[in-house]
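My numbering puts the sequence shown at residues 49 to 644. Only one structure is covered here, and it is reproduced in the block below.
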Amino acid sequence: MSGLLGDILTNSQALQNRSTSLRVIGTNIANVNNTSYARQTVQTSTVSGPGGVSYTFSRITSTRDSILDRQVTEETSQTGAADALAKLYGDIYSLSSESLNGSYGASLKTAQTEGSGITGGLTSFFNAWSAYAASPKGTGNANAVYTAAQELASRLNEADKGLTDLQKTENDKLDSTLKEANDLLSSIAQYNRQIVTMEARNPGSSSALKDERQAAMENLAKIVNYDSQTESNGTVTITLASGDSANPQTLVSGSNAGTLSVVKNAQGGYTGLQATYGSATQSFKASGGSLSVLDPKVTSAAIESVRSQLDAMAGQLIDAVNSIYYATKDGALDTPVENANTLLASIADYNEQIVAMEAEEPGSSTALQAERQTAMDSLAKTVKFDSQAQADGSVTITLATGDSANPQTLVSGATAGTLAARTNADGSFAGLEATFGGATKSLDLNVLNTSVTSGFTFFSGTDAGSIDLTLSSYSQLTAASADDASGGNSVALAMSKLAEKSFSTASGALISGTLTESAATIATDAATNYASASEASSAQSEVLDMVKNSRDTATGTSTDEEMSNLIREQHAFQASARILSTLDNLLDIVTTRLGS
Numbered sequence: 049m050s051g052l053l054g055d056i057l058t059n060s061q062a063l064q065n066r067s068t069s070l071r072v073i074g075t076n077i078a079n080v081n082n083t084s085y086a087r088q089t090v091q092t093s094t095v096s097g098p099g100g101v102s103y104t105f106s107r108i109t110s111t112r113d114s115i116l117d118r119q120v121t122e123e124t125s126q127t128g129a130a131d132a133l134a135k136l137y138g139d140i141y142s143l144s145s146e147s148l149n150g151s152y153g154a155s156l157k158t159a160q161t162e163g164s165g166i167t168g169g170l171t172s173f174f175n176a177w178s179a180y181a182a183s184p185k186g187t188g189n190a191n192a193v194y195t196a197a198q199e200l201a202s203r204l205n206e207a208d209k210g211l212t213d214l215q216k217t218e219n220d221k222l223d224s225t226l227k228e229a230n231d232l233l234s235s236i237a238q239y240n241r242q243i244v245t246m247e248a249r250n251p252g253s254s255s256a257l258k259d260e261r262q263a264a265m266e267n268l269a270k271i272v273n274y275d276s277q278t279e280s281n282g283t284v285t286i287t288l289a290s291g292d293s294a295n296p297q298t299l300v301s302g303s304n305a306g307t308l309s310v311v312k313n314a315q316g317g318y319t320g321l322q323a324t325y326g327s328a329t330q331s332f333k334a335s336g337g338s339l340s341v342l343d344p345k346v347t348s349a350a351i352e353s354v355r356s357q358l359d360a361m362a363g364q365l366i367d368a369v370n371s372i373y374y375a376t377k378d379g380a381l382d383t384p385v386e387n388a389n390t391l392l393a394s395i396a397d398y399n400e401q402i403v404a405m406e407a408e409e410p411g412s413s414t415a416l417q418a419e420r421q422t423a424m425d426s427l428a429k430t431v432k433f434d435s436q437a438q439a440d441g442s443v444t445i446t447l448a449t450g451d452s453a454n455p456q457t458l459v460s461g462a463t464a465g466t467l468a469a470r471t472n473a474d475g476s477f478a479g480l481e482a483t484f485g486g487a488t489k490s491l492d493l494n495v496l497n498t499s500v501t502s503g504f505t506f507f508s509g510t511d512a513g514s515i516d517l518t519l520s521s522y523s524q525l526t527a528a529s530a531d532d533a534s535g536g537n538s539v540a541l542a543m544s545k546l547a548e549k550s551f552s553t554a555s556g557a558l559i560s561g562t563l564t565e566s567a568a569t570i571a572t573d574a575a576t577n578y579a580s581a582s583e584a585s586s587a588q589s590e591v592l593d594m595v596k597n598s599r600d601t602a603t604g605t606s607t608d609e610e611m612s613n614l615i616r617e618q619h620a621f622q623a624s625a626r627i628l629s630t631l632d633n634l635l636d637i638v639t640t641r642l643g644s
């Protein structure tokens, strides 16, 4: 009797085990395309009970491999960084291509032919000057020059604005990415808590949750590089991969999660990233993941590289055009420069007198100091300068050139420097220069007050963002220099030839090559950077795919293998069911006979 009941018990347990195996196989097949799923298996163990009866138990286990998971996570982090960099350079290239050539992927030749973009705008601008030179008395040609100049300046302004907007977009991406990272950290902590609870109730029952947690960890790796450690209770502890192994910053421990955030200065400017866990906060620089690229210091460097090229080209355009247009007002700087030199000498003389008076009787030079200030106020109407009061009562005056490392002195003590305006042989503006002692420094028109240069400059501003026309109407335009005879066209002719002029940074220019070549180079460089970043992204994606394929081979689900297991388990299930049916019949016969 015990043998019959024992057989029934054994086969009943076998039937349950086969049911568990079939359920696991079904789960495996359902997750064939789930890359974060690790194949499950059923492990059966047998123990002996009273009366020689054996008991079998089934336990579901996961084939997940922590080493392979770590490799996938690390490569995912590098892929996240490579993808983010390719996206950044892609956006820069798209913007550059549209701004410079008129549309995404358009060629320089197309832009010049259609007059699109900045390169096309340059061609239209110089062509308009050529037509104006051919017929300098035609108001239509003057209007065409004015309109082309307005359009060119507007396109440069828009390109600069586009770069500013792109930086804002990248900053917005940073904010949304940090929110995503913090949500993932919170989710991983929740998975930790749920896994501990399930494992306490039923060991080995949390495989599905661990798969979901691993997927969340891989999504986190796309954003930021980190280190992880699996604890004995099944939870994972995540720390920043900051290189500070002695003081790692915790991001997740047990059911508690930290946060990532942006650090800003008092003016609201970005200064860095920080991680907070409990009361501990640590600044960090992301070494992988998209955060390593979305860091505004990184995006700014990439965007500002393009802006500097654009500003150099725009600055060279402004200087070159204004230098030629200066000839329309020949000698316009002579009087203000002479007045400035007279004032500089006067201020130096006041310095000498004030120092002498203060040395003899402190506080006796108040009236002279007031007169010196009046002279300085008058100088400010011509020249932009910085001043500094000295201990002896004198003032030192330097040009406000923005070059703080090498300021050009104009007045120091009783010594005054001089300003001079230079022109080329053709009457075009060669530049300003300031001399003090034996030192002479070449300057551009930006050191002069705009009211001084008004009337003989064509463009105002210094870069792509500030370029504008100084003329309010085409009627103010002239094609001739001050020395031309009536109906002259020397200025317009020189402007048209500017299209072919090649500049050199070695000679002090802001660009190398022609203006159009300089504009084309910006788009070419952007395309090159994008191609390089895209290739790196593709290569890294291949590495990630290779590592994932290795993991899938070890822990993934094979349809063929699972179908084979399914057939085997079905046959075993049917066999156990038939045995139970036979045993049931035998038990029925025994009980029936005993009952009779």
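Here a beta-carbon is modelled for each residue, glycine too, at the ideal position from N, C-alpha and C.
{"Check": "Leaving out five residues before and five after residue 297 in sequence, what residues of the same chain have Cβ atoms less than 8 Å from its Cβ?", "Outcome": "287, 288, 290, 306, 323, 325, 328, 330 and 332"}
{"Check": "Can you tell me the Cα-Cα spacing of residue 161 and residue 151, whole angstroms?", "Outcome": "13 Å"}
{"Check": "With a CB to CB cut of under 8 Å and the five nearest residues on each side skipped, what residues in its chain are close to residue 406?", "Outcome": "412, 413, 440 and 441"}
{"Check": "Kindly indicate the opening and closing residues of the beta strand (DSSP E) around residue 320.", "Outcome": "318 to 325"}
{"Check": "Starting from residue 310, trace the alpha helix (DSSP H) both ways and give me its first and last residue.", "Outcome": "Per DSSP, residue 310 belongs to no alpha helix (DSSP H); it is in the beta strand (DSSP E), 307 to 312."}
{"Check": "Return yes when the Cβ of residue 551 is within less than 8 Å of the Cβ of residue 535, no when it is not.", "Outcome": "no"}
{"Check": "Check the C-beta distance from residue 432 over to residue 497 and give it rounded, since I have them as a contact under 8 Å.", "Outcome": "6 Å"}
{"Check": "Could you check what DSSP says for residue 301 in three-state terms: helix, strand or coil?", "Outcome": "strand"}
{"Check": "List the whole-angstrom C-beta distance separating residue 342 from residue 132, where the pair is believed to meet the contact cut-off of C-beta under 8 Å.", "Outcome": "6 Å"}
{"Check": "Roughly how many angstroms lie between the CA atoms of residue 242 and residue 121, to the nearest whole one?", "Outcome": "22 Å"}
{"Check": "Alpha carbon to alpha carbon, how far is residue 488 from residue 457? Give it in angstroms, no decimals.", "Outcome": "10 Å"}
{"Check": "In terms of residues, what are the limits of the beta strand (DSSP E) holding residue 457?", "Outcome": "457 to 460"}
{"Check": "Per DSSP, what are the beta-bridge partners of residue 489 in this structure?", "Outcome": "482"}
{"Check": "Output the residue ranges of the beta strand (DSSP E) runs that lie fully inside the stretch 523 to 549 and measure 3 residues or longer, sorted by chain position.", "Outcome": "none"}
{"Check": "Go ahead and pull the three-state DSSP assignment for residue 515.", "Outcome": "coil"}
{"Check": "Secondary structure at residue 163, three-state DSSP: helix, strand or coil?", "Outcome": "coil"}
{"Check": "Roughly how many angstroms separate the alpha carbons of residue 258 and residue 593, rounded to a whole number?", "Outcome": "21 Å"}
{"Check": "Mind the definition here: the stretch 213 to 226 touches the stretch 524 to 540 only if three or more C-beta pairs lie below 8 Å; say whether that holds.", "Outcome": "no"}
{"Check": "Along the chain, where does the beta strand (DSSP E) that runs through residue 274 open and close?", "Outcome": "274 to 278"}
{"Check": "Between which two residues does the beta strand (DSSP E) carrying residue 286 extend?", "Outcome": "284 to 288"}
{"Check": "Given residue 384, which residues of its chain have a CB within under 6 Å of its CB, disregarding the five upstream and five downstream residues?", "Outcome": "430 and 500"}
{"Check": "Given 8 Å as the limit, is there contact between the stretch 190 to 202 and the stretch 266 to 285, that is, 3 or more CB pairs closer than that?", "Outcome": "no"}
{"Check": "What's the gap between the Cα of residue 612 and the Cα of residue 71?", "Outcome": "14 Å"}
{"Check": "Spatial neighbours of residue 505 within its chain, please: CB distance less than 6 Å, with the 5 preceding and 5 following residues excluded, ordered by chain position.", "Outcome": "370 and 518"}
{"Check": "Would a C-beta distance cut-off of 8 Å place residue 542 and residue 372 closer than the cut-off?", "Outcome": "yes"}
{"Check": "If I follow the unbroken beta strand (DSSP E) through residue 380, where does it start and stop?", "Outcome": "Neither: residue 380 is in no beta strand (DSSP E) and is coded neither H nor E."}
{"Check": "Enumerated in chain order, which unbroken segments of the alpha helix (DSSP H) with a length of 4 residues or greater are wholly contained in the stretch 144 to 232?", "Outcome": "156 to 162 and 165 to 182"}
{"Check": "Taking only three categories from DSSP, how would you classify residue 569?", "Outcome": "helix"}
{"Check": "Here's the rule I'm using: 16 or more other beta-carbon atoms within 10 Å means buried, otherwise exposed. How should residue 114 be labelled?", "Outcome": "exposed"}
{"Check": "Select from 248, 418 and 423 the residue whose C-alpha is nearest the C-alpha of residue 392.", "Outcome": "423"}
{"Check": "Between the Cα of residue 478 and those of 143, 395 and 470, spot the shortest distance and give me the residue it belongs to.", "Outcome": "470"}
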